[in-house]
Every structure is written in C-alpha cells, then in structure tokens.
Amino acid sequence: GKFLSRFQDAKMFTYAYLKTYSKLLQRKSYGVAVMGSEKLMDRKANGSCVCKVQSDLEFNVSSSRADRLCCFNRDLAEPCGYLLKPDVTWLQSLKNKKDPFEYFDSVSGLHVFTAGTGRDISDFISESRKHGWLSFRDQEVIWENVRVLPGGETVTITGVHLGHNLPDIWGNRFCINLSAVAGKERKQYINFVFAGNENDHVHDGSAKEPTHPFILILMLLPEAIFSVFCARLAWEKLIGM
66 GKFLSRFQDA KMFTYAYLKT YSKLLQRKSY GVAVMGSEKL MDRKANGSCV
116 CKVQSDLEFN VSSSRADRLC CFNRDLAEPC GYLLKPDVTW LQSLKNKKDP
166 FEYFDSVSGL HVFTAGTGRD ISDFISESRK HGWLSFRDQE VIWENVRVLP
216 GGETVTITGV HLGHNLPDIW GNRFCINLSA VAGKERKQYI NFVFAGNEND
266 HVHDGSAKEP THPFILILML LPEAIFSVFC ARLAWEKLIG M
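Each residue of the sequence shown is one higher than the one before, starting from 66 at the first, in the working numbering.
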C-alpha cells in the first residue's frame with residue numbers, strides 16, 4: 066500500500082511538472098500541428114461536448130470516466146498506465162497487429178489518430194507503454210479532425226478533450242487518454258456544433274521556432290525525475306522484503 070501510494074505520488078508529480086512547463090511555454094505553434102481556437106471548448110449540451118460519450122466504448126473502457134475526461138475536463142488525465150490494466154483490452158486489440166490501427170473519439174466517433182503511420186506499429190506500442198499513455202506523432206494525427214490549442218491541449222473540432230501535446234527532442238508527442246479515443250466510427254453524426262473553426266490555421270513548419278537548449282532540458286527532465294523515483298521506490302521495495 067505504501068509503495069503504491071508513493072508510486073502514484075511520483076506519477077502525479079511528473080504529470081504536474083509536464084503540465085506546468087507546457088503552460089509556462091504557452092507556445093502558439095507546434096511545427097506542422099494545426100492550431101485551434103479556445104472557442105472550440107465553449108460550453109455545449111454536455112460540457113465542452115455536444116452529447117455524452119458513446120455507451121459501448123472499445124477496450125472495455127469506462128463510459129463514466131470517459132465522459133468526465135472528454136467533456137468536463139481541460140487539464141487532468143487518466144491514471145498513468147491505465148491502458149495496461151488487466152481489465153482494459155487495449156494491448157489485446159493490437160496483438161499480432163502489423164497494419165496501421167485507427168482510433169475514433171469517444172463522443173462523436175471522429176477519426177482522430179492512425180497508429181503506425183510513418184513508423185512500425187510496434188514502435189507506437191512501445192512508446193505508449195513506456196509513457197503510460199497513448200503516444201502519437203505528427204504523422205499519426207488526423208488533422209482534419211484534431212486541433213492543438215496554445216499551451217498544448219489537444220482536442221477535436223467538436224470540443225472533445227483528448228490529451229496534451231508534450232514535445233520532446235524528436236518533435237511533437239501527443240499524450241492521449243485511451244478513454245478519449247475508444248469510440249466507434251460514426252459515418253453520419255447529426256447536429257455537430259463546430260465552434261471556433263473560423264480561427265483555425267495551419268502551420269507548415271516553415272516558421273517553426275528553434276528549440277532553445279533550456280527547453281530541451283525541460284523536455285528531458287520529467288522523464289529523468291520519473292525514472293529516479295521508480296528506481297528509488299523499487300529499491301525500497303526490494304530491501305524491505
């Protein structure tokens with residue numbers, strides 16, 4: 066109990082640090098990412114969403130958890146490693162999978178990511194397991210339906226909170242809640258409210274801001290802190306046995 070409690074504290078500290086540095090940067094562009102307006106997250110019929118999440122989500126994901134994260138939340142995330150829980154079937158869905166795998170948002174069923182685009186899907190799985198959340202790269206994002214807000218919040222064009230962009234030395238890394246992309250595709254969805262799209266704009270990377278060495282340190286520091294926490298807690302657990 067004590068070990069798990071301290072482990073959770075370490076994860077929450079790391080996530081809080083990531084969120085703080087992302088907010089402090091308040092970047093207005095992220096390379097090729099399509100930026101969106103805050104109007105996308107204006108209040109609608111169900112929080113920032115036009116309706117409740119789908120009732121039959123994939124991967125045995127909790128609909129009530131998904132509704133809170135997707136529609137009534139701007140900052141929090143599902144627990145680190147939630148996608149690896151024994152009762153969550155995300156890993157099983159990718160077993161022996163070699164072709165790209167499509168993800169749809171949990172509310173509107175919009176196609177938001179295709180894992181394994183531009184890289185082997187095993188790399189996507191490995192990176193997601195390492196970080197504890199789904200981790201997508203630029204080429205895996207369906208920019209027709211996804212926007213990044215200043216500060217890194219990543220949402221759909223219908224106001225569904227997906228997660229955050231937490232860039233590292235390899236570029237944009239979209240840290241996404243499994244609960245937010247466990248939907249089934251909907252070919253036809255009536256009465257969407259597409260708020261704020263008139264302010265959306267595309268950055269083609271030609272004016273990409275150079276990454277300052279201090280920013281690179283900030284990008285690497287959270288993972289280093291988290292690794293030290295894990296190593297220390299594992300050692301305490303070992304010597305306490």
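We treat Cβ as the ideally placed atom computed from N, Cα and C, and that holds for glycine.
Quick caveat, the model's predicted, so the values are computed rather than measured.
Residue i - containing alpha helix (DSSP H), residue span
i	result
Ile190	186–196
Ser158	155–158
Arg251	From DSSP, Arg251 is part of no alpha helix (DSSP H); its letter is neither H nor E.
Close beta carbons around residue i, own chain, < 6 angstroms, minus the five adjacent residues each side
i	result
Val153	Phe124, Asn125
Arg184	none
Phe137	Gly112
Glu192	Ser200
Nonlocal neighbours in the same chain, by C-beta distance under 7 angstroms from residue i, ignoring five residues either side
i	result
Gly236	Gly96, Arg202, Asp203
Three-way DSSP call (helix, strand, coil) for residue i in this model
i	result
Ala272	At Ala272 the pLDDT is 32, less than 50, meaning the model places this residue with poor confidence; the figure from the coordinates comes in the next sentence. It is coil, neither helix nor strand.
Leu105	helix
Asp203	helix
Asn111	strand
Asn125	helix
Asp132	helix
Ala98	coil
Beta carbon of residue i nearer than 7 angstroms to that of residue j
i	j	result
Val172	Val206	no
Asn210	Val177	yes
Ser244	Ala131	yes
Rounded C-alpha distance that separates residue i from residue j
i	j	result
Gly181	Trp208	16 angstroms
Lys249	Tyr147	20 angstroms
Pro151	His226	25 angstroms
Asn161	Ser187	9 angstroms
Arg194	Ser129	24 angstroms
Pro275	His229	Confidence at Pro275 is low in this model, with a pLDDT of 44, below 50, so its placement is unreliable and no value can be given for it.
Glu218	Leu156	25 angstroms
Continuous beta strand (DSSP E) stretch holding residue i: start and end
i	result
Ala142	Premise fails: Ala142 is in no beta strand (DSSP E) and is neither H nor E.
Arg212	211–213
Gly228	226–230
Val177	176–180
Ile241	239–241
Residues of its chain near residue i, where Cβ-Cβ distance is below 8 angstroms and the 5 sequence neighbours each way are ignored
i	result
Ser127	Ser244
Ser158	Glu123, Phe124, Phe166
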